[in-house]
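Numbering (the numbering used here), first residue to last: 136 to 349.
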């Protein structure tokens, strides 16, 4: 009794494989028409695992620990080269339908939106550091300057600034001249009228004018 050894085919035989040319399936290779064709679905793109999903910013955790509000051991650092992209509604097989429903074609750069884009924790950390250095530092400097100006003008008025500039308290504060009982209601009414007039906005100039007055 001889056993049949499986034949080794070095090249694809067109007669033994299905053909998809011209949109027709050629089943001359012995494929049963009644058997369903199994198509392997594409492998989903990886997302951040449940253990590495963040529900808050790293800066918030650092501030809470610095103020002793949050206690306990700090969670161990995970792999910086792991996927940092958090799950969202766009991680669906109906993403193209969602894009048609929720994204307007006139939106700026909407064509560049890629739901399959992924980044790592290392890349996210580098971007966050750039934002901290280039934006947050200047925000702190500007708000500190604003606070210094407010305190400085109060200190100057309490000294002799009004005498040096030839001003009176009525010149310095308009509410001193007409009285706060009239000045505060006037401010509220003017603000309300300007807000209501935004109904008649027709262009860029009128919009900027109302925002300036408000």
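Beta carbons are placed, not taken as given, at the ideal position from N, Cα and C, and that holds for glycine.
Check, Outcome
"N- and C-terminal bounds of the alpha helix (DSSP H) containing residue 220", "Premise fails: residue 220 is in no alpha helix (DSSP H) and is neither H nor E."
"Span of the alpha helix (DSSP H) around residue 252", "No alpha helix (DSSP H) holds residue 252; DSSP gives it neither H nor E."
"With 16 other Cβ atoms within 10 Å as the buried cut-off, status of residue 340", "exposed"
"Coarse secondary structure for residue 296, derived from DSSP in three states", "helix"
"CA-to-CA distance, residue 323 to residue 330, given in whole angstroms", "11 Å"
"Three-state secondary structure assigned by DSSP to residue 349", "coil"
"Per-residue burial, residue 165 [other beta carbons within 10 Å of its own, 16 or more giving buried]", "Confidence is the limiting factor: at residue 165 the pLDDT is only 48, short of 50, which leaves the residue's position unreliable, though a coordinate-based value still follows. So residue 165 ends up on the exposed side."
"Supposed close pair residue 218, residue 255 - CB separation, criterion 8 Å", "6 Å"
"The ligand COA heavy atom lying under 7 Å from the CB of residue 219", "Ligands are entirely absent from the displayed structure, and the ligand COA is therefore not among its contents."
"Straight-line Cα distance separating residue 229 from residue 278", "45 Å"
"Test item: CB-CB of residue 307 and residue 297 under 8 Å", "yes"
"Residue 224 (DSSP reduced to helix, strand or coil)", "coil"
"Run of the alpha helix (DSSP H) containing residue 322, from where it starts to where it stops", "315-332"
"Selection from 237, 238, 259 that minimises the alpha carbon distance to residue 216", "259"
"Proximity below 8 Å, CB of residue 252 to CB of residue 238", "no"
"Beta-carbon proximity list for residue 334, same chain, < 7 Å, skipping 5 on both sides", "none"
"Element boundaries [alpha helix (DSSP H), containing residue 243]", "From DSSP, residue 243 is part of no alpha helix (DSSP H); its letter is neither H nor E."
"Residue 229, DSSP secondary structure in three states", "coil"
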